[in-house]
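Following: one structure in structure tokens, then a few remarks.
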Ligand code: ASP
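Residue numbers (our numbering): 134 to 428.
Structure representation (structure tokens):
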């Protein structure tokens, strides 16, 4: 349903006049405690295109810098009656904690290495539009799985939608019990990519690494960086995905990243706005209905 609703917004976003008044009078607060380009911009655009008032709270200028706790910040914002809070936080679970303290809808825009649900939704939409389905597709998620919230959300969503998910990466960057996620696990890129429909690359999340996980960038690129040689193991028309920001020459070769006959990286960004419009629309309206029924 969410993906179907997003499709409507893809069409709207391609028109000259992209503005609706579906969320007129609603207030959305973007609360980002971690840096972001794609996610914060697309949530802002999504809210504005639906006619909502959107406030971007930069943590650099907020009272958090003066020692206020996350909960106090949440309570303060809650008192201003927002309809939706969009939250990104470096700690896993922070968004859930915050959502228990406020009475508006809360969207997780990425919490630590835990989850990034709207990224998985936009990835699913991108794949479904290109290949017409998710059921039965072989999808390889490659690189730093251990620290990636994108991987975790995608494993959940894509396996639920019937895709066969494979995780590919060095042992040090794979979660300990990865095989329990209902996926296949590989440490060799060519083996993991064999016959895949989708190759999804991930950035090394160095900001979350405590210690050394790879011998060197050069060696990592040699064994795990996506180049045409490794891509050759996947299906001839396999699509390349990356949530961004990508590090060329680390997890992906520049030429491969720019091969727009295979790479759908730009499309993922486009789908991000549509998916976030659908999420805001559904949540703002459903929350309102729940309030009216006094749930
Ligand atoms: N933009 C994605 C995230 O916020 C992926 C990344 O940062 O590597 O998790």
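From the three backbone atoms N, C-alpha and C, an ideal C-beta is built for every residue, glycine too. Quantities reported herein were computed from a predicted structural model and do not represent experimental measurements.
Cβ separation of residue i and residue j, assumed to be a contact under 8 Å, to the nearest whole Å
| i | j | result |
| --- | --- | --- |
| residue 410 | residue 182 | 6 Å |
| residue 171 | residue 402 | 6 Å |
| residue 396 | residue 389 | 7 Å |
| residue 315 | residue 292 | 5 Å |
| residue 301 | residue 322 | 6 Å |
| residue 270 | residue 296 | 5 Å |
| residue 356 | residue 383 | Not really, about 12 Å apart at Cβ, beyond 8 Å. |
| residue 138 | residue 415 | 7 Å |
| residue 431 | residue 176 | Any answer about residue 431 is impossible in this case: the structure gives the chain only from 134 up to 428. |
| residue 279 | residue 308 | 6 Å |
Boundaries (first-last residue) of the beta strand (DSSP E) holding residue i
| i | result |
| --- | --- |
| residue 243 | 238-244 |
| residue 256 | Here residue 256 belongs to no beta strand (DSSP E); instead the alpha helix (DSSP H) covers 250-264. |
| residue 322 | It is not in any beta strand (DSSP E) - residue 322 instead sits in the alpha helix (DSSP H) that spans 322-326. |
| residue 187 | 186-191 |
| residue 163 | 160-165 |
| residue 389 | Here residue 389 belongs to no beta strand (DSSP E); instead the alpha helix (DSSP H) covers 387-390. |
| residue 317 | 317-319 |
| residue 334 | 331-334 |
| residue 271 | 271-275 |
| residue 220 | 217-222 |
| residue 300 | 297-301 |
Classification of residue i by the beta-carbon crowding that lies within 10 angstroms, buried from 16 upward
| i | result |
| --- | --- |
| residue 221 | buried |
| residue 438 | No answer is possible for residue 438: the residues shown for the chain start at 134 and end at 428. |
| residue 163 | buried |
| residue 204 | exposed |
| residue 134 | exposed |
| residue 393 | exposed |
| residue 285 | buried |
| residue 149 | exposed |
| residue 413 | buried |
| residue 429 | The chain is shown only over 134 to 428; residue 429 falls outside these bounds and no answer can be derived. |
| residue 336 | buried |
| residue 378 | exposed |
| residue 180 | buried |
| residue 212 | exposed |
| residue 340 | exposed |
| residue 216 | buried |
| residue 310 | exposed |
| residue 282 | buried |
| residue 343 | exposed |
| residue 345 | exposed |
| residue 159 | buried |
| residue 400 | buried |
| residue 351 | exposed |
heavy atom of ligand 1 below 8 Å from residue i C-beta
| i | result |
| --- | --- |
| residue 383 | no |
| residue 295 | no |
| residue 302 | no |
| residue 249 | yes |
| residue 308 | no |
| residue 243 | yes |
| residue 223 | no |
| residue 252 | yes |
| residue 299 | no |
| residue 171 | yes |
| residue 335 | yes |
| residue 316 | no |
| residue 215 | no |
| residue 283 | yes |
| residue 377 | yes |
| residue 338 | yes |
Residue i: first and last residue of the uninterrupted alpha helix (DSSP H) it sits in
| i | result |
| --- | --- |
| residue 176 | 171-182 |
| residue 204 | 203-211 |
| residue 138 | 135-146 |
| residue 283 | 282-293 |
| residue 229 | 227-232 |
Beta carbon proximity, residue i to chain B, threshold 9 Å
| i | result |
| --- | --- |
| residue 221 | Note that chain B does not occur in the displayed structure, where there is just one protein chain. |
Residue i beta carbon near ligand 2 (any heavy atom closer than 8 Å)
| i | result |
| --- | --- |
| residue 189 | Because ligand 2 does not appear in the structure shown, any question about it cannot be addressed here, the ligands present being ligand 1. |
Segments of 3+ residues assigned as beta strand (DSSP E) that fall wholly inside the stretch 351-415: 372-374
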